[in-house]
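A.B. asks:
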Amino acid sequence: MSVTRALGRRASVHDVCHSGLLSISTITHTPREFSTSSSKQASKQAIREQRIAKTPLPHFPKTHNQPLDSLLHSLHRDQFLIDHLPDHYRRLVVRTKRHNVLAQQAAQQAFARGTNPSTATLTITLNGQTLPLRPLTHRTLHGSKSLTKVLSLLSSPAEYDLLPGLIQAYGFSKIDLSPGHWRNLIRQCGLAGRPGVAIKIAHDGIIHRKNGFSYTQASLREMIRAQFVRFLIPQKPHAEKSVQRARGVLTMAKRWKEQFDEVKRKKRLDDRAPEWLSIDPVVRGSILFLQSGKVIRWDEGKESDLERGVISDLKSLIESWHLAGPEIDAINKDLESPTAERPAYAIAREAVRDWEPVLQGLQWTQSVMHKSNIKDLELEKWLPVASTLLSGAVNKWKPIAASGGKGDRIGMQVYEGAYTDLNGWYEKDLEGKDEAVVKDRIVLVEKEDEGDE
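Start counting the sequence shown at 328; every next residue gets the next number (the working numbering).
Following this line, the structure appears as structure tokens:
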């Protein structure tokens, strides 16, 4: 009779792992009453085991990048594996006083398997992974800085496939990532030509609530701009995919806002999610940039989709334009009083990065309206005024942005340079492959919300 049947209860995560000890004999337990503290402890352990069962231990396949593999191995061994282990095995591994018990159980397992007990290592199966449990005399506790290190070690676009599992593991281990970490993660995914990875991470956090992802205004803007590198690929399907994904990002942000507000309403609280989740001129202007650019480049400048095309995006931008003037004024005010933490060139670089695509989108839209023979007096009056406001601001910021910082690229030059640096990776990666196995094929939201991925 197994231990589980002897105890007369359902198998827990502990039991599943413990089944690897093939020679353990049946243990009888005498009934005993639990104190209140014991009951609470049992309840906490049950909740922890449920979390372990729902959130798989990440698996990091080997790459050709030895420093990256070493760091991920350390994270897996010292942080993620320990946090996923049932309490019994966790104590055996991390507590020095329990290391002798670990050795005894390893020897018992080896004896049952007919192998040498003196050199045995206890193994368990967790989430489909067969894992050796070795005593830890020194455990490195990794924090959020390890993500910065991982990002710095990524050397090829293909290695970005490791990030969704890594971020989910951070969430399970309660390693909090700052807004700056999220922004840099999204930005680097975009510049590496892997925007789908960033979207997958956001989707896991917002829709499935797995990894603690949260938007700031800066990270939402980065998520839209993450589509720019793919947009530059000289093939129409990539431009269309970039537009589609940018719209999907906006839909996902609105959903997060609705979820947040609904929770607050149920709790009868007054605070609500920030409005920029649904209304932001930079986000809407960046989508206009992508849509109008696609029409200019691939449709001879003539818009055929009047319901969801350039004009619709322009009207959406106009609805949020009342926020543009105050933000531009705030940027100029910050430039008058820079600080050591935020020098003038950094303020200007961020401003150009945000607003130059919006300006380009306005200019392209004027061309699309002319070539498409679209007549709208109200729009024709508004466009030159908005373009003049933005061009004056961007032209003022660019010299300041170029006066300092790393690299000579500013604004759209960053994305154009990033595409050049990929050296045709997209084309090489996609060529001759079935659509189902093409890299960066990420499902964005449920099909009822987005007809395509």
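Backbone N, C-alpha and C define an ideal beta-carbon position, used for all residues, glycine too.
Just so it is clear, the structure is predicted and the values come from calculations on it, not from any experiment.
(1) Which value, in whole angstroms, describes the spacing of the CA atoms of residue 714 and residue 689?
(2) With distances taken between CB atoms, is the gap from residue 469 to residue 402 smaller than 8 Å?
(3) Taking contact to mean 3 or more Cβ pairs, one atom from each stretch, closer than 8 Å, check whether the segment 416–425 and the segment 445–461 are in contact.
(4) Assign residue 722 to buried or exposed, taking buried as 16 or more other Cβ atoms, counted over all protein chains shown, within 10 Å of its Cβ.
(5) Within the same chain, show all residues whose beta-carbon is closer than 6 Å to that of residue 655, passing over the 5 residues directly before and after it, in chain order.
(6) Can you determine whether any heavy atom of the ligand GDP sits closer than 7 Å to the C-beta of residue 705, and answer yes or no?
(7) At what residues does the beta strand (DSSP E) containing residue 423 begin and finish?
(8) CB-CB under 7 Å to residue 576, same chain, minus the five flanking residues each way: which ones, in chain order?
(9) Taking 8 Å as the cut-off, does the segment 500–513 touch the segment 734–748 (at least 3 CB pairs, one atom from each stretch)?
(10) Can you round the beta-carbon distance between residue 743 and residue 559 to whole angstroms, since I take them to be within the 8 Å contact cut?
(11) Does the segment 595–603 touch the segment 530–538, meaning 3 or more C-beta pairs lie closer than 8 Å?
(12) Going along the chain, which unbroken runs of the beta strand (DSSP E) with 3 or more residues stay wholly within the segment 522–607?
(13) Within a Cβ cutoff of 8 Å, which residues of the same chain sit near residue 739, ignoring the five residues on either side of it in sequence?
(14) Per DSSP, which one or two residues make a beta bridge with residue 451?
(15) Taking just the CA atoms, how far does residue 703 sit from residue 520?
(16) For residue 478, report the span of its alpha helix (DSSP H) as first-last.
(17) Can you have a look at residue 445 and say buried or exposed, based on whether 16 or more other CB atoms are within 10 angstroms of its CB?
(18) Alpha carbon to alpha carbon, how far is residue 627 from residue 566? Give it in angstroms, no decimals.
(19) Would you decide whether residue 492 is buried or exposed? Buried here means 16 or more other CB atoms lie within 10 Å of its CB.
(20) Just tell me which of 448, 440, 443 and 659 has its CA closest to the CA of residue 429.
(21) Taking residue 684 as part of the alpha helix (DSSP H), name the residues at either end of that continuous run.
(22) Closest by CA to residue 464, which one among 496, 396, 544 and 404?
(23) From residue 606 to residue 542, what distance separates their C-alpha atoms?
(24) For residue 602, count neighbouring Cβ atoms within 10 angstroms of its own Cβ and tell me buried if that reaches 16, exposed if not.
(25) If you follow the alpha helix (DSSP H) that residue 496 is part of, which residue opens it and which one closes it?
(26) Buried or exposed: residue 692, going by 16 or more other Cβ atoms within 10 Å of its Cβ?
(27) Provide the residue span of the alpha helix (DSSP H) that contains residue 507, from first to last.
(28) What number of angstroms, rounded off, separates the C-alpha of residue 711 from the C-alpha of residue 697?
(29) Once DSSP output is grouped into helix, strand and coil, what is the label at residue 389?
(30) Need the endpoints of the alpha helix (DSSP H) that residue 723 sits in, please.
(31) Whole angstroms is fine: what's the gap from residue 729's alpha carbon to residue 408's?
(32) Indicate whether at least one CB of chain C lies closer than 8 Å to the CB of residue 708.
(33) Going by beta carbon distance, what residues of the same chain come within less than 6 Å of residue 630, once the five residues before and after it are set aside?
(34) Taking all protein chains shown into account, decide if residue 613 is buried (16 or more other Cβ within 10 angstroms of its Cβ) or exposed.
(35) Please report the straight-line C-alpha distance between residue 727 and residue 671, rounded to a whole angstrom.
C.D. replies: According to the structure shown:
(1) Locating residue 714 in the sequence shown gives position 387, where the first residue counts as 1. Locating residue 689 in the sequence shown gives position 362, where the first residue counts as 1. C-alpha of residue 714 to C-alpha of residue 689: approximately 6 Å in a straight line.
(2) Taking the first residue of the sequence shown as position 1, residue 469 is located at position 142. Taking the first residue of the sequence shown as position 1, residue 402 is located at position 75. In this structure, residue 469 lies near residue 402, with their beta-carbon atoms less than 8 Å apart.
(3) Touching, yes.
(4) Position 395 of the sequence shown, counted from the first residue, corresponds to residue 722. Classification of residue 722: exposed, given that the 10 Å Cβ count is below 16.
(5) Taking the sequence shown and counting its residues from 1, one reaches residue 655 at position 328. These residues qualify, in order along the chain: 720.
(6) The ligand content of the structure shown is nil, which means the ligand GDP is not present either.
(7) Sequence index remark: in the sequence shown, residue 423 carries index 96 (1-based). Looking at the DSSP string, residue 423 is not in any beta strand (DSSP E), and its letter there is neither H nor E.
(8) As a working note, residue 576 is residue 249 in the sequence shown. If we look at residue 576 and ignore the five residues flanking it on each side, its Cβ neighbours are 526, 550 and 551.
(9) In short, these stretches do not touch, since the Cβ pair count stays below three.
(10) As a working mapping, residue 743 is identified with position 416 in the sequence shown. As a working mapping, residue 559 is identified with position 232 in the sequence shown. About 7 Å separates the two Cβ atoms, so the contact holds.
(11) Inter-segment contact for the segment 530–538 and the segment 595–603 is absent: fewer than three beta-carbon pairs are separated by less than 8 Å.
(12) DSSP runs (the beta strand (DSSP E)) wholly in the segment 522–607: none.
(13) Against the sequence shown, residue 739 aligns to sequence position 412. Only 555, 683, 684 and 687 meet the Cβ criterion.
(14) As a first step, residue 451 is located in the sequence shown; it is residue number 124 there, counting from the start. In the DSSP output, where bridge partners are listed per residue, residue 451 has 458.
(15) Counting from one through the sequence shown, the residue named residue 520 turns up at place 193. Counting from one through the sequence shown, the residue named residue 703 turns up at place 376. Going by the C-alpha atoms only, they are around 37 Å apart.
(16) To locate residue 478, count along the sequence shown from 1; it is residue 151. Looking at the DSSP string, the run of the alpha helix (DSSP H) that includes residue 478 is 472–480.
(17) The residue you call residue 445 lines up with position 118 of the sequence shown. Looking at its Cβ environment, which holds fewer than 16 other Cβ atoms inside 10 Å, residue 445 is exposed.
(18) Reading the sequence shown from its first residue, position 239 is the one you call residue 566. Reading the sequence shown from its first residue, position 300 is the one you call residue 627. Straight through space, the alpha carbons of residue 627 and residue 566 are spaced by roughly 14 Å.
(19) Numbered from 1 along the sequence shown, position 165 holds the residue referred to as residue 492. Residue 492 comes out buried.
(20) As a position in the sequence shown, residue 429 is number 102, starting the count at 1. Ranking 448, 440, 443 and 659 by Cα distance to residue 429 puts 448 first.
(21) What you label residue 684 is simply residue 357 of the sequence shown in a count that begins at 1. Annotation for residue 684: the continuous alpha helix (DSSP H) segment containing it runs 671–698.
(22) Residue 464 sits at position 137 when you count from the first residue of the sequence shown. Of the candidates 496, 396, 544 and 404, the one whose C-alpha sits nearest the C-alpha of residue 464 is 404.
(23) As a first step, residue 606 must be located in the sequence shown, where it is residue number 279. As a first step, residue 542 must be located in the sequence shown, where it is residue number 215. Distance between the alpha carbons of residue 606 and residue 542: 14 Å.
(24) Within the sequence shown, the letter at position 275 stands for residue 602. Classification for residue 602: exposed.
(25) Here residue 496 refers to the residue found at position 169 when the sequence shown is read from its first residue. Membership of residue 496 in the alpha helix (DSSP H) is indicated by the continuous run 490–499.
(26) As a position in the sequence shown, residue 692 is number 365, starting the count at 1. Flag for residue 692 reads buried.
(27) Along the sequence shown, read from residue 1 onward, the residue named residue 507 stands at position 180. Looking at the DSSP string, the run of the alpha helix (DSSP H) that includes residue 507 is 506–518.
(28) Along the sequence shown, one-based indexing puts residue 711 at 384. Along the sequence shown, one-based indexing puts residue 697 at 370. Taking the straight line joining both Cα atoms gives about 13 Å.
(29) As a position in the sequence shown, residue 389 is number 62, starting the count at 1. Correct three-state label for residue 389: coil.
(30) Within the sequence shown, numbered from 1, the residue matching residue 723 stands at position 396. That run of the alpha helix (DSSP H) goes 704–728.
(31) Translated into positions along the sequence shown, residue 729 becomes position 402. Translated into positions along the sequence shown, residue 408 becomes position 81. Their backbone Cα atoms lie some 46 Å apart in a straight line.
(32) Here chain C cannot be found, since the structure has a single protein chain.
(33) Residue 630 sits at position 303 when you count from the first residue of the sequence shown. Contacts found: 622, 636, 637, 695 and 699.
(34) In the sequence shown, the residue the question calls residue 613 occupies position 286. Residue burial is scored here from C-beta neighbours: residue 613 has at least 16 other C-beta atoms within 10 angstroms and is therefore classed as buried.
(35) The count along the sequence shown starts at 1 and reaches residue 727 at position 400. The count along the sequence shown starts at 1 and reaches residue 671 at position 344. Rounded to whole angstroms, residue 727 to residue 671 spans 7 Å at the Cα level.
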